[in-house]
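Undergrad: Dropping the structure in here first, questions after.
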Amino acid sequence: MRRRGQISTMAIVFLIVGIIIGAVIGYFLKPAPVGVVSEEEYNKLLAENEQLKKKVEELTKQLEAAGPAAPTEITITVWAIGPDEPSVYRFEAFKVAAEKLNKMLEDLGSPTRVKIEGDFWTQSWGDYKKRFLMAMEAGKGPDIYCTGHEDVATHAEAGYIIPLDDYIQEYWDVVYFDIIPTLWDAVRYKGKLWAIPQDTEARPLYFRKDILKKLGWTDAEIEELPKKIENGEFTIDDMVALAKEAVDAGLVEYGLVHRCSPGWDYQQFYLAYGGRLWDPDTGKLVFTKSAWKKFLELFERMRDEGVVDPNQFGSEWKTAFHERFTQGRALFASGGTWHKAEWIKKYGITEEYFWENIGFALHPAGEKGGKPVTLSHPLVYMITKTCKNPDVAFLLITLVTDPTINSLHAVHSAHLAILNSQITNTKYVEDRFLAEVAYMLKYTTFIPLHPKYGLYNEMIFRAVSAVESGAASAEEAFDVFLSEVQDTLGDEVIIEE
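Going letter by letter, the sequence shown gives residues -15 to 481 in the numbering used here.
Laid out in structure tokens, this is it:
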């Protein structure tokens, strides 16, 4: 399949294979001496490899039982997305997994080999998801589909994906026992598990240390800012006041930059005002009136005070978000952990420059003493109903759900761990940024697993973009927003004060 909207990755593939072959794919090679790793870790890896060997032996027997009808080549098509380029391992890791699986098959005397096809998408999320829906309607979807966990409910209801509970149970002792427990909640819908977590992240509020120094802040005050936000001492109002001060002083063009397209990052401010997106007990979406009013009034105030660009939504990410912040033309950036890697790889800053000039914290609480927030959007691997070899597809997912492979992805793209063992993995531990943002997961919220969250999200975007652009006042936008939610979502949403 011809890849679209992607980067050249063959060099990265060879690099991954070169790094991992000895440690991960060395399944049939001579094991490392026990002294290289702890005896406990060595025995754990050995046990996992033995379990994998048994699974591959079972697969080999199934192929042998098919006789002449057994395939000599099994092609598994994987669709994965960045859209940030550093997240390319979401796709390339499957080539590493196929190498490992083919080595196992060869050593067991099986003539069958596994081939990976598909692509890594770097264009928009919207186009990626539309492409998947069209492919599934035509019966030509991929075997493995990497997407946001919020799609679990929609795709499960549509019958596009298969539940994975039996597979997870079968391979539980190989790796799935190690997945951070809260991440299973991100893929559980109506009592079943529909996907495997691939990564997760947090959404920090980045700030420019150099601009704060020009405003008279001391190094000690700058270092204390993240803690003050965590403790509820520095609120959204303080953020806006500081951003306005920087704008009025002529130090920046705008006090805050945020995402330029529909999404959910800006919903963190709604959460900071005490809003809820959904109720896990009833499974319904939630509309908290007081929080949405404060949210829209916040964007109205930031617009009127010149803190935000009224044309931010719809602008180019490169110019309106990335360059403004990395070039020091904005004080705050409401971004994601992955942006740090993207800025270093694409926007001309170095690791040293980042630590000298840029800080990061949780998004502030709406009121003094309140709880700060962040939002996590785990990406997941699903197996589609059109997959002809789900056993092989799941085995490949199991092989890429490896602490070393996933840590390489995490470090390269600045995403957070999905496995408890990753937290002590050498590659992960050595990354200062990942270590310092890990605490944010204590304050995180997941996007709702509800089939109609997409509609709710569209209404949120229409309301906030209308206010920020000046097309509507906060009051006008709220009235339209509430009416639209009531008419569209009906009994699927709880309206609370």
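Ideal Cβ positions, reconstructed from N, Cα and C, are used throughout, including at glycine. Keep in mind the model is a prediction, meaning the values are calculated, not measured.
For the beta strand (DSSP E) that contains residue 198, what are its first and last residues?
TA: Taken as a continuous stretch (DSSP letters only), residue 198 belongs to no beta strand (DSSP E), being part of the alpha helix (DSSP H) at 193 to 198.
Undergrad: Taking one C-beta from the segment 355 to 365 and one from the segment 247 to 267 each time, how about it: are there three or more such pairs within less than 8 Å?
TA: yes
Undergrad: Beta-carbon separation of residue 242 and residue 325 under 9 Å?
TA: no
Undergrad: Smallest Cα separation from residue 56: which of 216, 63, 48?
TA: 48
Undergrad: Just to confirm, is the Cβ distance from residue 370 to residue 216 under 9 Å?
TA: no
Undergrad: So is residue 349 buried or exposed if we call it buried at 16+ other beta carbons inside 10 Å?
TA: buried
Undergrad: If we ignore side chains and look at the alpha-carbon of each, how far apart do residue 464 and residue 481 end up?
TA: CA-CA distance, residue 464 to residue 481, rounds to 17 Å.
Undergrad: Using the three-state DSSP reduction, which class does residue 431 fall into: helix, strand or coil?
TA: coil
Undergrad: Kindly indicate which three-state DSSP category residue 387 falls into: helix, strand or coil?
TA: helix
Undergrad: Check for me: the beta strand (DSSP E) holding residue 366 runs from which residue to which?
TA: 363 to 367
Undergrad: Applying the criterion that 16 or more other CB atoms from any shown protein chain within 10 Å of the CB defines a buried residue, is residue 199 buried or exposed?
TA: exposed
Undergrad: Distance, Cα to Cα, residue 421 vs residue 442?
TA: 29 Å
Undergrad: Residue 83: buried (16+ other C-beta within 10 angstroms of its C-beta) or exposed?
TA: Around the Cβ of residue 83, a 10 Å sphere holds 16 or more other Cβ atoms; the residue is buried.
Undergrad: Could you spell out where the beta strand (DSSP E) holding residue 478 opens and where it closes?
TA: Segment 477 to 480, the beta strand (DSSP E) holding residue 478.
Undergrad: Measure the alpha-carbon distance for residue 179 versus residue 70 and round it to whole angstroms.
TA: 22 Å
Undergrad: Alpha carbon to alpha carbon, how far is residue 81 from residue 193? Give it in angstroms, no decimals.
TA: 42 Å
Undergrad: In angstroms with no decimal places, state the Cα-to-Cα distance between residue 322 and residue 254.
TA: 22 Å
Undergrad: When burial is assigned at 16 or more other CB atoms within 10 Å of the CB, is residue 467 buried or exposed?
TA: exposed
Undergrad: First and last residue of the alpha helix (DSSP H) that includes residue 57?
TA: Careful: residue 57 lies outside any alpha helix (DSSP H), inside the beta strand (DSSP E) at 57 to 65.
Undergrad: Would you mind working out which of 65, 42, 100 sits nearest residue 380, comparing C-alpha positions?
TA: 100
Undergrad: Assuming residue 297 and residue 452 are in contact, meaning their beta carbons sit under 8 Å apart, how far apart are those beta carbons, in whole angstroms?
TA: Residue 297 to residue 452, Cβ: 6 Å. Contact.
Undergrad: Would you report the Cα separation of residue 389 and residue 154, rounded to the nearest angstrom?
TA: 21 Å
Undergrad: Rounded to whole angstroms, what's the CA-CA distance from residue 161 to residue 181? Just pull it up for me.
TA: About 13 Å.
Undergrad: Check whether the Cβ atoms of residue 106 and residue 135 lie closer than 9 Å to each other.
TA: no
Undergrad: Between which residues of its own chain and residue 482 is the CB-CB distance below 8 Å, once the five residues before and five after are set aside?
TA: In this structure the chain extends from -15 to 481, so residue 482 is not present and cannot be described.
Undergrad: What is the DSSP secondary structure of residue 333, reduced to helix, strand or coil?
TA: coil
Undergrad: So if DSSP puts residue 262 in a beta bridge, which residue, or which two residues, is it bridged to?
TA: 269
Undergrad: Compare the Cα-Cα distances from residue 449 to each of 364, 295, 367 and report the closest residue.
TA: 295
Undergrad: Could you spell out where the beta strand (DSSP E) holding residue 238 opens and where it closes?
TA: 238 to 241
Undergrad: So the candidates are 130, 292, 188; which of them puts its Cα closest to the Cα of residue 112?
TA: 130
Undergrad: Roughly how many whole angstroms lie between the Cα atoms of residue 60 and residue 102?
TA: 8 Å
Undergrad: Closer than 8 Å is the cut-off here; do at least three beta carbon pairs connect the segment 85 to 96 with the segment 403 to 422?
TA: no
Undergrad: Please name the residue, chosen from 157, 244, 314, that lies closest to residue 302 on a Cα-to-Cα basis.
TA: 244
Undergrad: Are the segment 428 to 443 and the segment 155 to 174 in contact at 8 Å, needing three or more beta carbon pairs?
TA: yes
Undergrad: What would DSSP say about residue 465, mapped onto helix, strand or coil?
TA: helix
Undergrad: Can you tell me which residues form a DSSP beta bridge with residue 503?
TA: With the chain covering -15 to 481 only, the question about residue 503 has no answer from this structure.
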